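**Q** Numbering (full-length UniProt numbering), first residue to last: 1 to 141.
As structure tokens, this is what we get:
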């Protein structure tokens, strides 16, 4: 199963040259860029661990690509994404977010059905990764 979150998620994985081009676009818009990683890409897990600090004063993609390279060296078996933030309104708004690294195997999710009082039925997603191993030990080879 391929996780489809963020921009470009239905396309084949972007090359580093394509990633750099997208980062250059974000920087040209005046957006700050950050690198994040996780081993649990549940759709409601919006707060991934941040790699370093958001990069506000960059002029080209080289700084972000360097941070991405370091993050891949440490967390290469996990999901890594690039976020671009627009702070022109006084708060940070995500303008673009896309996955730039994936684990070799993406186990996906299962749909859990819960029947409640009356005829109420609730559904939720549960990550196979979370059920299989504790946080920090998923997707390791």
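Ideal Cβ placement from N, Cα and C applies to all residues, glycine included. None of the values given here were measured: they were computed from a predicted structure.
Assign residue 96 to one of three DSSP states: helix, strand, or coil.
**A** To locate residue 96, count along the chain shown from 1; it is residue 96. Strand, per DSSP.
**Q** On a CA-only basis, which of 10, 64 and 39 is nearest residue 77? Give me that one, please.
**A** Translated into positions along the chain shown, residue 77 becomes position 77. For residue 77, the nearest C-alpha among the options comes from 39.
**Q** What does DSSP give as the partner residue(s) for residue 6 in the beta ladder?
**A** In the chain shown, the residue the question calls residue 6 occupies position 6. Bridge partners of residue 6: 98.
**Q** Taking a contact to mean a Cβ-Cβ separation below 8 Å, would you say residue 41 touches residue 5 in this structure?
**A** If you number the chain shown from 1, residue 41 lands on position 41. If you number the chain shown from 1, residue 5 lands on position 5. It is a contact, given that the beta carbons lie within the stated cut-off.
**Q** Taking the C-alpha atoms as reference points, what is the distance between residue 2 and residue 108?
**A** Here residue 2 refers to the residue found at position 2 of the chain shown. Here residue 108 refers to the residue found at position 108 of the chain shown. Going from the Cα of residue 2 to the Cα of residue 108 covers about 7 Å.
**Q** If I'm right that residue 112 touches residue 128 with Cβ under 8 Å, what's the distance once you round it to whole angstroms?
**A** As a first step, residue 112 is located in the chain shown; it is residue number 112 there, counting from the start. As a first step, residue 128 is located in the chain shown; it is residue number 128 there, counting from the start. Between residue 128 and residue 112 the Cβ distance is about 12 Å, and since that is not below 8 Å, they are no contact.
**Q** If you run the structure through DSSP and keep just helix, strand and coil, what is residue 17?
**A** Taking the first residue of the chain shown as 1, we reach residue 17 at position 17. Note: residue 17 maps to helix in three-state DSSP.
**Q** What distance in whole Å lies between the Cβ atoms of residue 82 and residue 37, which are believed to be in contact at a cut-off of 8 Å?
**A** Here residue 37 refers to the residue found at position 37 of the chain shown. Here residue 82 refers to the residue found at position 82 of the chain shown. Not quite, the Cβ-Cβ distance comes to about 11 Å (not below 8 Å), so this is no contact.
**Q** Below 8 Å, how does it come out for the stretch 13-29 and the stretch 93-101: are there three or more Cβ pairs, yes or no?
**A** Touching, yes.
**Q** Check for me: the beta strand (DSSP E) holding residue 61 runs from which residue to which?
**A** What you label residue 61 is simply residue 61 of the chain shown in a count that begins at 1. It is not in any beta strand (DSSP E) - residue 61 carries neither H nor E in the DSSP assignment.
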